[in-house]
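Visitor: Here the sequence shown stands for residues 13 to 250, where the numbers follow the working numbering.
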Amino acid sequence: MASVTLSDVRKRFGDLETIHGVSIDIADGEFVTLVGPSGCGKSTLLRMIAGLESVTGGSVSIGGNVVNDVAPRDRDIAMVFQSYALYPHMTVAENMGFSLKLRGLPKDEIDRAVRSAAAILNLEPLLARYPRALSGGQRQRVAMGRAIVRKPAVFLFDEPLSNLDAKLRVQMRQEIKDLHQRLGTTSIYVTHDQVEAMTMADKIVVLRNGRIEQVGRPLDLYDRPVNRFVAGFIGSPA
Ligand code: ADP
Ligand code: MG
Numbered sequence: 013m014a015s016v017t018l019s020d021v022r023k024r025f026g027d028l029e030t031i032h033g034v035s036i037d038i039a040d041g042e043f044v045t046l047v048g049p050s051g052c053g054k055s056t057l058l059r060m061i062a063g064l065e066s067v068t069g070g071s072v073s074i075g076g077n078v079v080n081d082v083a084p085r086d087r088d089i090a091m092v093f094q095s096y097a098l099y100p101h102m103t104v105a106e107n108m109g110f111s112l113k114l115r116g117l118p119k120d121e122i123d124r125a126v127r128s129a130a131a132i133l134n135l136e137p138l139l140a141r142y143p144r145a146l147s148g149g150q151r152q153r154v155a156m157g158r159a160i161v162r163k164p165a166v167f168l169f170d171e172p173l174s175n176l177d178a179k180l181r182v183q184m185r186q187e188i189k190d191l192h193q194r195l196g197t198t199s200i201y202v203t204h205d206q207v208e209a210m211t212m213a214d215k216i217v218v219l220r221n222g223r224i225e226q227v228g229r230p231l232d233l234y235d236r237p238v239n240r241f242v243a244g245f246i247g248s249p250a
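(1) Expressed to the nearest angstrom, what Euclidean distance is found between the alpha-carbon atoms of Y234 and E121?
(2) For L168, tell me which candidate among G33, V21, I36, F93 has the shortest Cα-Cα distance.
(3) Is T56 near ligand 1, in the sense that its beta carbon is under 7 Å from a heavy atom of that ligand?
(4) Leaving out five residues before and five after L176 in sequence, what residues of the same chain have Cβ atoms less than 7 Å from its Cβ?
(5) Taking the C-alpha atoms as reference points, what is the distance between T17 and D232?
(6) Going by DSSP, which residues form a beta bridge with A105?
(7) If you follow the alpha helix (DSSP H) that H32 is in, where does it begin and where does it stop?
(8) Is Y142 helix, strand or coil when you go by DSSP?
(9) Could you check whether the stretch 27 to 42 touches the stretch 55 to 69, counting it as contact only if at least three pairs of C-beta atoms, one from each stretch, sit closer than 8 Å?
(10) Given P249, which residues of its chain have a CB within under 7 Å of its CB, disregarding the five upstream and five downstream residues?
(11) Report buried or exposed for L114, applying the criterion of at least 16 other Cβ atoms within 10 angstroms of its Cβ.
(12) Going by beta-carbon coordinates alone, are V21 and K215 separated by less than 8 Å?
(13) Would you tell me roughly how many angstroms separate the C-alpha atoms of L117 and D123, rounded to the nearest one?
(14) So for R236, helix, strand or coil by DSSP?
(15) At a cut-off of 7 Å, would you count D205 as near ligand 2, judging by its Cβ distance to the nearest heavy atom?
(16) I'd like to know whether the C-beta of L57 is nearer than 8 Å to at least one C-beta of chain D.
(17) For the stretch 197 to 216 and the stretch 44 to 54, state whether three or more C-beta atom pairs, one from each stretch, are separated by less than 8 Å.
(18) Tell me, which residues are paired with G69 by DSSP?
(19) Using only CA atoms, which one of S35, N77, L57, G51 lies nearest to A14?
(20) I want to check one thing, is the minimum distance from the CB of G63 to the heavy atoms of ligand 1 below 7 Å?
(21) Just the C-alpha distance for A209 and A140, rounded to the nearest angstrom, thanks.
(22) Leaving out the 5 sequence neighbours to the left and right, which residues in its chain are closer than 7 Å to D37 when beta-carbon positions are compared?
(23) In its own chain, which residues sit with a C-beta less than 8 Å from the C-beta of A62, not counting the 5 before and 5 after it?
(24) Name the residue from P172, R127, I160 whose alpha carbon lies nearest to the alpha carbon of H192.
(25) Using DSSP bridges, identify the partner residues of G228.
This is the structure:
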């Protein structure tokens with residue numbers, strides 16, 4: 013587990029600043045959702061935590077250490093994207109073990125890690141299959157399997173369920189929460205879906221145009237939105 017702290021984080025693309033000083037404290041083991049309309053900066057924030065984008069101001073800390081200059085692979089995180097991006101020419105087991113192979117782990121250790129992740133996600137019967145022979149939900153589960161084999165302290169999710177149909181989405185929400193609790197990780201979950209944000213989060217961060225509008229527990233935001241934007245977004249009668 014690890015805490016994650018953003019301190020006055022900024023992002024400029026060329027001359028244009030799109031993240032204008034965002035500060036968030038996320039405790040060990042907390043499940044936080046970042047929510048807000050398309051283009052408000054959710055993915056950019058997540059990518060800065062992952063190290064896939066540099067920060068142009070402020071700092072990102074993981075487990076109390078500033079990681080601004082730490083490469084993505086050396087941060088104790090794993091990211092699950094919306095597009096499953098599985099390798100089509102690899103089996104499920106190979107997909108899940110690939111990051112460990114890149115790190116030079118011996119084969120028996122990789123096998124053990126893959127099997128243990130597969131057991132957690134009910135993927136054991138699918139280990140020898142190729143991605144084309146999987147349903148959307150199964151693919152998303154493999155993408156999560158790929159993330160958990162490394163036992164990261166922090167999980168980052170970028171709209172992981174938006175390609176799935178409504179029924180599956182509800183089921184996968186629960187699976188992700190169960191996984192979070194079972195592994196005891198810290199999870200940061202980006203979504204533009206208010207219901208998803210409200211039902212999954214310990215704490216919600218509402219973003220708009222690269223700034224935080226409000227941070228709070230779901231019920232606090234529902235009962236006491238600070239402005240019309242939050243009220244409208246969270247869906248309470250303003
Ligand atoms: P969200 O995930 O909330 O939809 P993004 O983080 O993708 O929003 O984008 C936030 C803003 O930053 C948008 O205005 C987007 O156009 C801009 N942006 C994102 N990535 C880049 C980039 N690589 N170059 C320039 N602008 C970018
Ligand atoms: Mg996005």
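The beta-carbon is built from N, C-alpha and C at its ideal position, and this holds for glycine as well.
Guide: Let's see:
(1) For this step, residue 234 is matched to residue 222 along the sequence shown. For this step, residue 121 is matched to residue 109 along the sequence shown. Approximately 47 Å, taken between the alpha carbons.
(2) Your numbering for residue 168 matches position 156 in the sequence shown. Closest option to L168, Cα to Cα, is F93.
(3) Within the sequence shown, the letter at position 44 stands for residue 56. Checking the Cβ of T56 against ligand 1 gives yes.
(4) Locating residue 176 in the sequence shown gives position 164, where the first residue counts as 1. Within the same chain, L176 has close Cβ partners G148, G149, Q152, M184.
(5) Within the sequence shown, residue 17 is the residue found at index 5, counting from 1. Within the sequence shown, residue 232 is the residue found at index 220, counting from 1. Their backbone Cα atoms lie some 22 Å apart in a straight line.
(6) Indexing the sequence shown from 1 puts residue 105 at position 93. In the DSSP assignment, A105 forms no beta bridge with any residue.
(7) Stepping through the sequence shown from its first residue, residue 32 is reached at position 20. That residue, H32, is in no alpha helix (DSSP H); its beta strand (DSSP E) goes 28 to 38.
(8) By 1-based counting over the sequence shown, the position of residue 142 is 130. The answer is coil: DSSP assigns Y142 none of H, G, I, E or B.
(9) yes
(10) Counting from 1 along the sequence shown, the entry for residue 249 is found at position 237. With a pLDDT of only 45 at P249, under 50, the local geometry of the prediction cannot be trusted, and the value read off the model is given with reservation. Counting only Cβ-Cβ distances below 7 Å, and skipping sequence neighbours, we find nothing.
(11) Taking the first residue of the sequence shown as 1, we reach residue 114 at position 102. Of the residues assessed, L114 falls on the exposed side of the cut-off, its CB having fewer than 16 other CB atoms within 10 angstroms.
(12) As a first step, residue 21 must be located in the sequence shown, where it is residue number 9. As a first step, residue 215 must be located in the sequence shown, where it is residue number 203. Their beta carbons are not under 8 Å apart, which means V21 does not touch K215 by this criterion.
(13) Taking the first residue of the sequence shown as 1, we reach residue 117 at position 105. Taking the first residue of the sequence shown as 1, we reach residue 123 at position 111. L117 and D123: Cα-Cα distance of roughly 10 Å.
(14) Reading the sequence shown from its first residue, position 224 is the one you call residue 236. R236 carries a coil assignment under DSSP once its states are collapsed to helix, strand and coil.
(15) Position 193 of the sequence shown, counting from 1, holds the residue named residue 205. For ligand 2, no non-hydrogen atom lies closer than 7 Å to the CB of D205.
(16) No chain D is present in this structure, which holds just one protein chain.
(17) yes
(18) Numbered from its first residue, the sequence shown carries residue 69 at position 57. R22, per the DSSP bridge assignment.
(19) Here residue 14 is taken as the residue at index 2 of the sequence shown, counted from 1. If we check each option's Cα against that of A14, N77 comes out closest.
(20) Here residue 63 refers to the residue found at position 51 of the sequence shown. Checking the Cβ of G63 against ligand 1 gives no.
(21) The residue you call residue 209 lines up with position 197 of the sequence shown. The residue you call residue 140 lines up with position 128 of the sequence shown. Cα to Cα, the separation comes out at about 34 Å.
(22) Here residue 37 is taken as the residue at index 25 of the sequence shown, counted from 1. The residues are T17.
(23) The residue labelled residue 62 in the question sits at position 50 within the sequence shown. Hits under 8 Å: P84, R87, I89, M91, L168.
(24) Translated into the one-based positions of the sequence shown, residue 192 becomes position 180. Nearest option by C-alpha distance: I160.
(25) The residue given as residue 228 occupies position 216 in the sequence shown. According to DSSP, G228 bridges with I216.
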